[in-house]
Amino acid sequence: MEEIVFMVGGQSGEGIESTGDIFATALHRYGYWVFGFRHFPSRIRGGHTNYRVRVARHQVYTHGNRIDIMAAFDRESLDEFGALLSSGAAVIFDPSAGQSTPPAGIDVRLCPVPLGDLANKAGGAIMKNVVSIGAAAGLMGLDPGVFDSVIRDTFAKKGEKVVAANQKAAREGFAYAQEHFGVTHRLSPPVSSPGMILSGNEAVALGALAAGCRFLAAYPITPATSIMYWLVDHFPQFGGVVIQAEDEIAAINMAIGAGFAGARAMTSTSGPGFSLMMEAIGLAGMTETPVVIIDVQRGGPSTGLPTKTEQSDLNEMLGGTHGEIPRIVLAPSTIEQAYLITRRAFDLAEIYQCPVIIASDLFLGLARASVPVLPAPAPGDRGKLWDPSSQPAADGERFRRYRVTEDGISPRSLPGQRGGEFVATGNEHSEFGPEIEAPGIRVTMMQKRLRKLAKFDLGDDAVWYGGDEHPDVLLVGWGASWGALAEARSVLAAAGKKVGHLQVVAIMPLPVERLRPFLANAKDIVICESNATGQMEAHLRRYGLLPAQVRRVNRYDGNPLTAADVLALWDLHPRAEGRPGERDPAAMVLPGQLRLAGETPAEGWPVLDPGLAVSGAKGGGEARDQQR
Amino acid sequence: MEEIVFMVGGQSGEGIESTGDIFATALHRYGYWVFGFRHFPSRIRGGHTNYRVRVARHQVYTHGNRIDIMAAFDRESLDEFGALLSSGAAVIFDPSAGQSTPPAGIDVRLCPVPLGDLANKAGGAIMKNVVSIGAAAGLMGLDPGVFDSVIRDTFAKKGEKVVAANQKAAREGFAYAQEHFGVTHRLSPPVSSPGMILSGNEAVALGALAAGCRFLAAYPITPATSIMYWLVDHFPQFGGVVIQAEDEIAAINMAIGAGFAGARAMTSTSGPGFSLMMEAIGLAGMTETPVVIIDVQRGGPSTGLPTKTEQSDLNEMLGGTHGEIPRIVLAPSTIEQAYLITRRAFDLAEIYQCPVIIASDLFLGLARASVPVLPAPAPGDRGKLWDPSSQPAADGERFRRYRVTEDGISPRSLPGQRGGEFVATGNEHSEFGPEIEAPGIRVTMMQKRLRKLAKFDLGDDAVWYGGDEHPDVLLVGWGASWGALAEARSVLAAAGKKVGHLQVVAIMPLPVERLRPFLANAKDIVICESNATGQMEAHLRRYGLLPAQVRRVNRYDGNPLTAADVLALWDLHPRAEGRPGERDPAAMVLPGQLRLAGETPAEGWPVLDPGLAVSGAKGGGEARDQQR
Amino acid sequence: MISSADLRADTPTWCPGCGDFAVLAALQRALPLLGVPRENIVIVSGIGCSGKISSYLRAYGFHGVHGRTLPVATGIKTANPDLLVIAAGGDGDGYAIGVSHFIHAARRNIDVTYIVMDNHIYGLTTGQTSPTSPRGFKSKTTPAGAAEEPVDPLALALASGAGFVAQGFSGEIGQLASICEQALRYRGFALVNVLSPCVSFNREYSYDWLREHLVDIDHEPGYDPHDYATAVRYVTEHHGLLRGAVYVSDRPGYVESLVGTRRPVDVDWEEPKARWPELVAEFN
Amino acid sequence: MISSADLRADTPTWCPGCGDFAVLAALQRALPLLGVPRENIVIVSGIGCSGKISSYLRAYGFHGVHGRTLPVATGIKTANPDLLVIAAGGDGDGYAIGVSHFIHAARRNIDVTYIVMDNHIYGLTTGQTSPTSPRGFKSKTTPAGAAEEPVDPLALALASGAGFVAQGFSGEIGQLASICEQALRYRGFALVNVLSPCVSFNREYSYDWLREHLVDIDHEPGYDPHDYATAVRYVTEHHGLLRGAVYVSDRPGYVESLVGTRRPVDVDWEEPKARWPELVAEFN
Ligand SMILES: Cc1ncc(C[n+]2csc(CCOP(=O)(O)OP(=O)(O)O)c2C)c(N)n1
Ligand SMILES: Cc1ncc(C[n+]2csc(CCOP(=O)(O)OP(=O)(O)O)c2C)c(N)n1
Ligand code: SF4
Ligand code: SF4
Ligand SMILES: [Mg+2]
Ligand SMILES: [Mg+2]
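Structure representation (structure tokens):
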């Protein structure tokens, strides 16, 4: 087989997360490309949770649309996710635990494994999860020692005994499965070596480090906190600092302070915290202080669905804060892009001296997948920093921090620079800084600020296009649903449709002229968003980019938008092996089909490093990549 | 003369505000319709401030576009506002105070008055302002005792001596002016009796009281605080309460608590405070708790121009808070409408169980003008309140607060009602209230909430239209600039243009089908807003309501948008008496021209009481009112 | 009269052994003693494991956003003073993001019982350092140990003018219930800080450790909770490791001074209508 | 070395007689004594009349939004510990909307001097009751008298673990300057609450009244500002009507414990580049 999706499901608090992580990392080390995603409730113990890991021979961008091997530790695993089992799927369960069996009518292979007994044999019932992944590896025909190194890394702190016991547990499961069921799902051998395995949040954190950011102030919130975890573990080694603030208002104001001082500074949060930052975002805009804000969106409104994904903060990103400021909003579509965009965001914040908002979401932030090695850090562009030697201040004159310039951007002095003293104020102000109300200066200053982004252009990275040069069907998406849309496109193409996929990466300022050619000619535009009201659609309409009639795919039940959601419009299905009546071999997403000409991992996709840009759409809108 | 504009200008802290108030109130009591507006800096002492009062024989909706009589106490009065002086304007000043004289080339009548000396004669130099308004009354040929009653009311607390001295001061000024300059600006006698004089903020406060609101929590902020002042003075007499909260986050959460308890509750603020309320607005949306939020907008972004006007929070009103909630946004255009809309807002908040945002602004909120007597309070509609007798809960079953209904609105129980116990949560929740994450329920609940406003319709009050039935030029506005646009329309019509004026009152949900006919047919659409980026324009575009090309009038220097700003597009001017070269008799806005068929004061304009609706546009878009 | 059973709603989803069970039980024990009908009880809660309590105590509940229990409770109590209003949340909810409201509710002396389930950790977000975590405390957000001194809730309450200040312990449910009863009967702002162990993420503040270190001032000979100076001294000297009623004063309440015989919930159009001419006259 | 004159920027627009002039003058007197070059001084201010000080003191300034001086100052100081950072604002700014940050800055012991120009009123918004206005205080927002007890800044600072707590008086500019100097030299969070009369809106807290009622503890025989208990007792007994250095402790500073030899402002791409293979390896 080309790819296999494994799921382990149980009650929260049962170690499902670490089990999934071990499985994913091991298979990644084995040479496969994995994509793991965890489903979890907003409580600590109890409540169903599961971890799906897609294992493939080529890079994949979602956790897939089916489940091939399931280790089921609770009733919900089968009750709620049984419908996703592929034809011939294997279900590992402990017959002595009295679990429900799979729903009737699904053609699955039951694999009863005495998980508890085998775990006990290895040293303790707590290791039954590890037994189950051992069994899964057995069914896949892998090495018995596939988990050894990961288990060592995971449990090293707990001592050699624990490591050995877990290694034994995995091997017990492996042996049992091979003996009783043989190899049910053999993966063809790996073909390439993935470079790294990390989550979108880790990619953001790594991007920040790579960009020279050394200051994070944040307040814990699901699903953003792991950005903080990674940075608190790494910043100190690089001279950086993480402050756990008392709330999000403090967090962003601290980041603004650090940005004013000259650091590359950021804050990370999710919806509720983002809402609290509105006033300060305006302050950054008005004082022209660089700051990067990561919003890892989750299900809203209010506390909403705190452990579920959604793309519903867009309106607030675009319209939040009273009054009018220049701001940049970017949405990464993949984990690699989360790294690249974050890295770039710090340049943009300093070049344009304004807040930059990165629209991530829970799906992108918490999914953990194999990616090619990310491009190493490289010197960034700090924008117009005042250089006293080449730009001396006129004698006796105070520094004009807000000098009115043609491009609206004024050289910035940093505290510590002699002669650069000025006051930054959230009030309207003169070129020197202090507040002023004179209508003429006011208008000049508003225009100066709003003009800053007039020429903003992310270049080829602003929008991404893949697919037919003259599509009949145009899928439009943004953010984390890229993978699902790419899969849907592949199925549609296989079904004979002329299809394209347009992904909006730069959301504000919107690259209107880059988008227009794509949108002007498509016959059937389908806008796909993880929200209920179609916020991106409204945004595009604001610029007159859409015809009166478009079709929509909106998912807002908290789960990531899938290819199936999109394909349902055509009664197509993404899975080769479906339940009876759903089988559609042509719809099977074969790994590799998603990788298009010029999209090879080595070159990175979509690339924000100008030097590396390959597959972005050109301003004129010529669609450069074709379906293989 | 039909109308006269008086301005008193000086340094802040010199009592300009009370002088203007006394002048306006006195002329109002005299039987004229006045409109007063104060220009003031964000500091306590010093800095130019002025108060303009337009005095007319019919109702007026702006402070006009020229100045006929100016009492100038500082240099800036003439330097900055001299250009507004009408031909033949009178300038009252104290020759001994060494002020500048009016700019050359303006044909004005200098009226030097020994203000200080006369004030001293009356009892103290502090009364020079009062002397100056006495002098103005003299120039206008009014009664010498015109200010007596207002002075009594104003200074009663300070004792009879102060009252008498001020009355004397006014009479001294009056006598001096009559003796030395005679009557320069005689107003024709009053024709009707205006009913009340109040500011937009007071109208909001009065509307809240009339609506049965008895709870305000707020944090002081210019220009919203006077709503709080009026209510703290009046609520206690009616069993109501005002809480000065520790910040705006507390304020809105208190109001939400009170709304949950069953009170009609509100908070009032301006931009910075409004930004802080974003998270709680989502909470109100999610818990379906009625709350009314008044945003008296001021110059943004950030602290911006705290004592200047702007309409730049619209994006945030529409898009603020993470996630998606039903919300209502209404913008009153006049002081009367501020009363009517606020009154209605409490009904809407309870009927739809969601936040209602009223978009006022500094100009509307602080302008103080004569209006017809406002309609008396009448019983409102509290929406679906649970009635245990007619809707008993099933035996032993818990109350389904969020029962899924066809219109999305569920009967609401109030604490204290036996059997109605439930929990309101900002998390996604079941019909009973407690949090729940099941995708099916989630989707049902999102749809239930978003469906609530599907049939929302303010009826004839949703949009307002005045002017030609088939206009070539269509002025589009919202909020406080109505008066300026109405004046501009009148001038354009007089200049022979076929012109209409469309005012958006209901902003969210936008009455798309009511707006479309007006916008679909106009040739030259001019969108007029007090902001830089055209937020209403973008909003209309989102719904496909605008052609690619429109013209824009955007004012964002902090001063109210004027008819002159609009007319400049055609090189027309609003003033009959202008500086040489600007004279355009046809452009004179005659009082009464603004009042159209069916817009008589007795009937109120635009009317939110369904029974009183007269002049609004019909859904089909037939423009019912004609220019007289 | 209601019984404890009448106050049971959904089955709690807290981890087995969580201290918050005791808080719920203590409330279910104390509330029936007050003779207040269930429909007149409102519990407002914040976000956190602790915040889920409003779904478990059957009464009217409001589960608001993180840190804002006290403003919501203030709004409810002021709008309808007939209600018995409880606010409940965690240490992060109350002393990090919400600490401003805590100080202002205390000085306002709003008649609300504020129960903080203080586990010295962010529980629901799976174990970050909280404002009451001690200096040097290690967690995922402070792997090198917390650099801040902890907030001392009792000291803060005393400095802010709270009229009733007590601390309970989930391991002593009898005393906790009695403290809750006193707090609920108190006419004014009453803080009950409950040392409520998080068995999943905070092993430092375990039942055992707390049992060993807490001084029971309810049984401290000569301790007079009406004496402010003594209360301050005790809290300082014992680093807050007390249980019992720390301080009880009688300050005039806030709501009484604001709300008269009519309540803001009594929506009324008649009086402003009747007094309309008078109101219109004011604007002339 | 800088002189007082070097620290003059725009001419203040405060009302003649405003207490804030003395605060500005005190800073201009104290700062030159520290030997810190002007470009290394940053003053962060809030919104209010007080907040305008950042335009009047010539140095780097950040005039942020209402109530958020301390987070901004914390960010600046942490990003560049070489800077001398002052936060300054009003009583509304610091003790109403911003009080949470005050408490957390205190317990964090960030090396910032926090100067509150406490006039017991909202000045810039033309005279509303503030959190330090006394109970019964009449203003446009509390015409019937304030129903809340005031915040006691000194008590709150002490309860929050502030290392340096002092109170100055605009009528005693010499002492005020000396307090500022001590605070600025203090390595940690230093509160200087300045009783700074508002001559336009608050006649209750006049220079005369304050002069009469304040006890000068700098000259109180035997008063030891290093003794916490005494400080608490004095503040309680005198209802905060003290002037001088109330409390001085030595707690370890926050920034030192977080920031090493490299500062976050030193933007660097080289080290992560050099260590890239190691970082990549971590993700495998
Ligand atoms: C504005 C906002 N910020 C952050 C969060 C995420 N969050 C949820 S609960 C919580 C803290 C929980 O700690 P605590 O209040 O001590 O409650 P516990 O779970 O320990 O009972 C946080 C930070 C949120 N929901 N809202
Ligand atoms: C978020 C926000 N809320 C309210 C305001 C309005 N505001 C400006 S200054 C101020 C209070 C001023 O009082 P204080 O802090 O004591 O300063 P003072 O003027 O007395 O020096 C307020 C409420 C604001 N600017 N921002
Ligand atoms: S995580 Fe801790 S606080 Fe939360 S329920 Fe479990 S034990 Fe209780
Ligand atoms: S209003 Fe008061 S605080 Fe403000 S400048 Fe004037 S005296 Fe000072
Ligand atoms: Mg906690
Ligand atoms: Mg003040």
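Protein chains in written order, with the numbering used here: chain A, 1 to 628; chain B, 1001 to 1628; chain C, 2001 to 2284; chain D, 3001 to 3284. Glycine included, C-beta positions come from ideal geometry on N, C-alpha and C.
Which residues in chain F have a C-beta closer than 8 Å to the C-beta of E3282/D? List them in chain order. Absent from the structure is chain F; the protein chains it does hold are A, B, C and D.
Drop a sphere of 10 angstroms on the beta-carbon of P306/A, count the other beta-carbons inside from all chains shown, and report buried for 16 or more, exposed for fewer. buried
Establish whether the CB of R1186/B and some CB of chain A are separated by less than 8 Å. Cβ-Cβ to chain A under 8 Å: no for R1186/B.
Using a beta-carbon distance cut-off of less than 8 Å, what residues from the region 2141-2168 of chain C approach chain D? A2147, E2148, E2149, P2150, V2151, D2152, A2155, L2156, L2158, A2159, S2160, G2161
Residues near L1187/B by beta carbon distance below 6 Å, same chain, minus five either side: Non-local C-beta neighbours of L1187/B in its own chain, meaning closer than 6 Å and more than five positions away in sequence, comprise M1001, I1004, M1140, ordered along the chain.
Q3128/D CB to nearest chain B CB: under 8 Å? Yes - at least one Cβ of chain B is within 8 Å of the one on Q3128/D.
Distance, C1528/B Cα to I243/A Cα: So the alpha carbons of these two residues sit roughly 45 Å apart.
Chain-ordered neighbours of G47/A on chain C, where CB pairs are closer than 8 Å: The answer, in chain order, is T2013.
State the CB to CB distance for the pair K455/A and C354/A, rounded to an integer number of angstroms; the pair is presumed to be in contact (CB under 8 Å). About 14 Å; that fails the 8 Å criterion.
What first and last residue would you give for the beta strand (DSSP E) that runs through G173/A? No beta strand (DSSP E) contains G173/A, which is instead part of the alpha helix (DSSP H) from 160-181.
Determine the direct distance from the alpha carbon of N2193/C to that of S2206/C, and round the result to whole angstroms. So the alpha carbons of these two residues sit roughly 16 Å apart.
Counting only the same chain and skipping the five closest in sequence on each side, list residues whose C-beta sits under 7 Å from that of V1329/B. M1317, L1318, I1357, A1359, I1507, M1508
Which chain C residues are close to L3258/D, counting only those with a beta carbon under 8 Å from its beta carbon? A2147
If I'm right that T154/A touches S370/A with Cβ under 8 Å, what's the distance once you round it to whole angstroms? About 18 Å separates the beta carbons of T154/A and S370/A, which is beyond the 8 Å limit, so they are not a contact pair.
To the nearest angstrom, how far is the alpha carbon of T269/A from that of S413/A? 29 Å
So, with DSSP's three-state summary, where would you put P1517/B? helix
Partners in chain B for R2038/C, counting only beta-carbon separations shorter than 7 Å: E1421
DSSP beta-bridge partners of M1317/B: Partner(s): none; M1317/B has no beta bridge.
For the candidate residues E3148/D, N3284/D, V3065/D, S3257/D, whose alpha-carbon lies nearest to that of G3089/D? V3065/D
Outcome for E513/A when other beta-carbon atoms lying within 10 angstroms are tallied against a minimum of 16: exposed
Whole-number beta carbon distance between A1495/B and L1572/B, since they are thought to touch under 8 Å: With 8 Å as the limit, L1572/B and A1495/B qualify as a contact, their Cβ atoms being about 6 Å apart.
Can you find a heavy atom of ligand 2 that lies under 7 Å from the Cβ of M3117/D? At a cut-off of 7 Å, the beta-carbon of M3117/D counts as near ligand 2: some heavy atom of the ligand is closer than that.
Determine, using beta carbons only, whether T269/A comes closer than 8 Å to chain D. no
For V3042/D and V3085/D, which I take to be in contact (beta-carbon distance under 8 Å), what is that distance rounded to the nearest angstrom? 5 Å
Is D2091/C close to ligand 5? I mean its beta-carbon at under 7 Å from any heavy atom of the ligand. yes
Since F2169/C is in the beta strand (DSSP E), which residue starts that stretch and which ends it? Start and end: 2164-2169.
For T3074/D, is the classification buried or exposed, using 16 other Cβ atoms within 10 angstroms of its Cβ as the cut-off for buried? buried
Is the Cβ of P1580/B closer than 8 Å to any Cβ of chain C? Any reading at P1580/B needs caution, since the residue's pLDDT is 29, under 50, leaving its predicted position unreliable; the model's value is listed next. For P1580/B, the answer is no, since every Cβ of chain C falls outside 8 Å of its Cβ.
Reducing DSSP to helix, strand and coil, say where F3201/D ends up. Per DSSP, reduced to three states, the secondary structure at F3201/D is coil, with no helix or strand assignment.
Considering only their Cβ atoms, is the gap separating F1073/B from S1160/B smaller than 8 Å? The amino acid occupying residue 1160/B in the given sequence is Glu; Ser does not appear at that position. No; because the gap between Cβ atoms is not below 8 Å, this pair is not in contact.
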